[in-house]
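Single-structure report; data block below.
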């Protein structure tokens, strides 16, 4: 018996030790990765409600619950539980109630009210469509929100009556709109987003608007008699996609009055604490591919509009008034980092909080969020290269991390280390920022295969944040470089517009100079260089293999291959030709083809895989099919991976992200020289 017990103990002890040995990330770990989003601090700054996002490996779903925590980090606990989607919590002004959205009943998304003293919950809506942007009236008695109202589509095609019992095909679909489908939406059904109000006692929502246009998120005037919102009421709205204004809506009469009138986008109105001013964002539209989003203030009647951020060369986002009314808090991206800043009514900007991020689980895009209380306490998504977003809190004394939602996973998984790097472009010596990720247990004296990973957009930015995709490549033994070539945001208007009407082009030299800079470090196996990117990064990957043969293999994800077909086939048809080219394809065919990777397909010798979602309407899969066929006709080794049911955001289901990474690694493994 003693021998048996001793053997059992040793077996248990050995198994326990073995279970705790660290190892590299595995692809199924993606299902175990959680992240925090939409942190909402209470008006008095004492508590924070946040969305805790998780995944279900059995149903392949992205799920979420609400959690609440004290500002000091104590009493972290769930407000809701279950394999469902609970999100969008919003505090009442008195801090005694919240509203949130949930599909916990019959998978139908509803708006709920929760009393914070008892945690009792009551549904407020049972509408066919779910409410969208919601805000509380200042007396906490009403809610205003937007909601899609369907409208019957009219067809001029009238079929004769079919014989009784006959089985005919579904009637033809008649389309006469410019924007008839959208990525993530499919073919767009008739209807518009309208504004409603609803008592917190429930009942039937009251529809306040009925126009044939979409209406933006409503916010209440201080006296609760007016709602402010933005909308594009231009009769040629489909052809003028970036010409919105800020409007005032009289709740009693439903009368709508414009408050702005310039050519360009005006949006995101926010009412000052004293109710006398409105802050909003926008710009004077110069038809450039990239235009800085500025911050303005005006009186509530639309008079005395003033530009606040004219001397701040970064995009303003998520502006929120300080309680004293003397300035606003906002978030911005700069050199790959996301921060909270404060701007006075005289335009003076001060950086307050760093480290926002972590909302882009797949690739390392800058994405963060924050809210602020009346006593200037902040709740924000805290992210860095070692973990997706956790909950952060900050005040004038400093910032702190409140949650560690992935510590259970990362306690036994080794991650790649990330190092920031700068170099000069060989084209014009522009300074380019990037990040090098090395494999776990990295030895600088060894030689490693290399992946260049390129971001999309192109007007967006990567940063010092976590990426499951990049970490998966590092776990497979690759050194990875990701970067922000010219055209990336977070470096100002001039840098962003270096590719204006000239993309892709010299961003190629930016990227190749980055590859050379990493090679100079001495630990890269130059016989095993690989390249991949998605969307705008797919464009550049296809461009690269038409310009050089230095890479062993490439994966071109959701690309544009032929700009002529793209601008006529993608959603947002009026935008791309107008802002990215300045002319329609038949007005400037040479320029369209010169900037298309398809033009250089005869130069390609690199084995190249195409990968796209089958329901991608942003860079439709026809673009990938064109390149695939062209490469086949040229005798280039190629393959095509089609992700069923996926749009442009491939990772709408966790398994799609796994599938994308597995496909990239399989293609690179096929061509990797293992003799080194």
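In the working numbering, the protein residues as written are 561 to 1236. We treat Cβ as the ideally placed atom computed from N, Cα and C, and that holds for glycine.
Cβ pair residue 595, residue 613 closer than 9 angstroms
yes
Examine the Cβ distances between the region 692 to 705 and the region 772 to 791 and report whether three or more of them are shorter than 8 angstroms.
yes
Is it true that the CB of residue 809 sits closer than 9 angstroms to the CB of residue 793?
no
Starting from residue 785, trace the alpha helix (DSSP H) in both directions and tell me its first and last residue.
That residue, residue 785, is in no alpha helix (DSSP H); it is neither H nor E in DSSP.
When the Cα atoms are used, what is the spatial distance from residue 656 to residue 606?
12 angstroms
How close, in whole Å, do the beta carbons of residue 1131 and residue 742 come, if the pair is a contact with beta carbons under 8 angstroms?
5 angstroms
According to DSSP, is residue 1231 helix, strand or coil?
helix
Cα separation between residue 952 and residue 831?
26 angstroms
Pick from 968, 691, 888, 916 that is closest to residue 954, judged by C-alpha positions:
916
Cβ contact check for the region 813 to 831 and the region 842 to 854: 3 or more pairs under 8 angstroms
yes
I'd like the ranges of any beta strand (DSSP E) spanning at least 3 consecutive residues and lying wholly in the region 742 to 797.
751 to 759, 786 to 791
Which value, in whole angstroms, describes the spacing of the CA atoms of residue 990 and residue 1073?
11 angstroms
On a CA-only basis, which of 728, 749, 727 is nearest residue 1281? Give me that one, please.
Given that the chain is displayed from residue 561 to residue 1236, the structure contains no residue 1281 and the question cannot be resolved.
Quick one: any contact between the region 1051 to 1065 and the region 934 to 944, if contact means 3 or more CB pairs under 8 angstroms?
no
Since residue 878 and residue 1025 are thought to touch, with beta carbons under 8 angstroms apart, how far apart are those beta carbons, to the nearest angstrom?
With 8 angstroms as the limit, residue 878 and residue 1025 do not qualify as a contact, their Cβ atoms being about 17 angstroms apart.
Apart from the five residues just before and just after residue 1077, which ones in its own chain have a Cβ nearer than 7 angstroms to its Cβ?
981, 983
Can you find the residues in the same chain that come closer than 7 angstroms, C-beta to C-beta, to residue 1134, ignoring five residues on each side of it along the sequence?
738, 798, 799, 801
Taking the C-alpha atoms as reference points, what is the distance between residue 972 and residue 621?
24 angstroms
Expressed to the nearest angstrom, what Euclidean distance is found between the alpha-carbon atoms of residue 561 and residue 975?
Any reading at residue 561 is ruled out, since the residue's pLDDT is 40, under 50, leaving its predicted position unreliable.
Using C-beta distances below 8 angstroms, list every residue in its chain close to residue 874, excluding the 5 sequence neighbours before and after it, in chain order.
852, 892, 893, 894, 1050, 1052
DSSP beta-bridge partners of residue 595
613
Can you tell me the Cα-Cα spacing of residue 644 and residue 761, whole angstroms?
25 angstroms
What would DSSP say about residue 998, mapped onto helix, strand or coil?
strand
Report the three-state DSSP secondary structure of residue 1161 (helix, strand or coil).
helix
Just to confirm the assignment, what range does the beta strand (DSSP E) spanning residue 710 have?
702 to 710
Per DSSP, which residues does residue 982 bridge with? Please list them.
993
Relative to the C-alpha of residue 1119, which residue among 771, 881, 1200 is closest?
1200
Relative to the C-alpha of residue 964, which residue among 586, 593, 588 is closest?
593
Does the region 1192 to 1206 come into contact with the region 1168 to 1175, if we say contact requires no fewer than three beta-carbon pairs (one atom in each stretch) closer than 8 angstroms?
yes
Consult DSSP for residue 859 and reduce its assignment to one of helix, strand or coil.
strand
Looking at C-beta atoms only, is the number of pairs between the region 659 to 667 and the region 634 to 648 that lie closer than 8 angstroms three or more?
yes
In terms of residues, what are the limits of the alpha helix (DSSP H) holding residue 1072?
1067 to 1079
Have a look at residue 668 and residue 765 and give me their C-alpha separation to the nearest angstrom.
17 angstroms
Alpha carbon to alpha carbon, how far is residue 1206 from residue 1150?
33 angstroms
Distance, Cα to Cα, residue 579 vs residue 923?
Any answer about residue 579 is weak, because its pLDDT of 49 lies below 50 and its placement is not dependable; what the coordinates show is given next. About 29 angstroms.
Limits of the beta strand (DSSP E) - the one that residue 900 falls within:
897 to 904
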